[in-house]
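Following: one structure in structure tokens, then a few remarks.
Here is the structure:
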């Protein structure tokens, strides 16, 4: 669940705050006089990479996640039965620069999970917590892009079928 918590922190509007050591899954009480335990880097390299990639998306370093820099947010999908939430982050408008964030708080995997998006077409995966490089223990990696169809869902004009890992996070942007 630490990955989900960090992902929600870094994809939510406002100024995100990570405490010293959180990027290395440090536990215990924070002490400002205690240095970071750098010996944890080797054992937590996957999680550190996950946090680094989220920070890069937040800062729009790749040029495709500008919606995460804006204050616009629309929570358009909540599924209390399956513990899944999806929201759009945008700077200008959901139709022009939206970033879709889908979060599963369930121990179950969802090989086919449908969620609404603003428009049909190809949605590129900017981050998938199931990627092997993150070492978060998920069984399979999803595709690098999804194609949304023009069928309204969740109050939006289109929908996309995604693969959600247990306690997983997907971040997508329209091509």
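Numbering (the working numbering), first residue to last: 916 to 1090. Note that beta-carbon positions come from the ideal geometry of N, C-alpha and C, so glycine has one too.
| Check | Outcome |
| --- | --- |
| Residue from 1033, 1058, 1037 and 1039 whose Cα sits closest to the Cα of residue 1045 | 1058 |
| Residues near residue 1027 by beta carbon distance below 6 Å, same chain, minus five either side | 1076 |
| Inter-residue spacing [alpha-carbon to alpha-carbon] between residue 1063 and residue 965 | 26 Å |
| Range covered by the alpha helix (DSSP H) that runs through residue 1012 | 1009 to 1012 |
| Euclidean distance between Cα positions of residue 946 and residue 1061 | 44 Å |
| Every unbroken beta strand (DSSP E) within the stretch 931 to 998, with a cutoff of 3 residues, ordered by chain | 987 to 994 |
| Run of the beta strand (DSSP E) containing residue 1075, from where it starts to where it stops | 1073 to 1079 |
| Residue from 1039, 1032, 1089 and 1040 whose Cα sits closest to the Cα of residue 1070 | 1032 |
| Residue 984 versus residue 973 - alpha carbon distance | 6 Å |
| Residue closest to residue 1037, alpha-carbon to alpha-carbon, out of 1073, 948, 1053 and 971 | 1073 |
| Burial state of residue 929 (16 or more Cβ within 10 Å) | exposed |
| Inter-residue spacing [alpha-carbon to alpha-carbon] between residue 914 and residue 949 | The requested residue 914 does not occur in the structure, where the chain is confined to residues 916 to 1090. |
| Residue 957 burial status per 10 Å Cβ neighbour count (16 or more: buried) | exposed |
| Helix, strand or coil at residue 1047 [DSSP, three-state] | helix |
| Simplified DSSP assignment, three categories, for residue 1023 | coil |
| Residue from 1080, 1010, 1000 and 1090 with nearest C-alpha to residue 927 | 1000 |
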